[in-house]
Amino acid sequence: MARAAVGWGVRDLAAKADVAPATVTRFEGGAGMQSRTIAALQQAFEVAGVRFTAEGCVCPPNANTEVFG
64 MARAAVGWGV RDLAAKADVA PATVTRFEGG AGMQSRTIAA LQQAFEVAGV RFTAEGCVCP
124 PNANTEVFG
């Protein structure tokens, strides 16, 4: 999971994406989200250096692992 790889808690990601912590929890649980919410979450990760690929996500070099899928 990208969030764990960059060392963020639910509240950290929520603050960076300007969404509620409950939104992050629902997203991670597989709930459907509006496209603008998904874009905000993706943008927060990309600013932190996470790249998304067809195979999953490639995390920054200082992350615990390089590929999540």
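Taken in order, the sequence shown gives residues 64 to 132; the numbers are from my numbering.
C-beta: ideal position from N, C-alpha, C; glycine also.
Owing to the predicted nature of the structure, the values given are computational and were not obtained by experimental measurement.
Sequence-distant Cβ neighbours of Arg-74 in its own chain, meaning closer than 7 Å and more than five residues away, are Pro-84.
A residue is called buried when at least 16 other Cβ atoms come within 10 angstroms of its Cβ; Arg-66 meets this threshold and is buried. Val-69 counts as buried, since no fewer than 16 other beta carbons sit within 10 angstroms of its beta carbon.
Annotation: Gly-119 to Met-64 spans about 9 Å, alpha carbon to alpha carbon.
It is roughly 16 Å from the alpha-carbon of Val-110 to the alpha-carbon of Thr-100.
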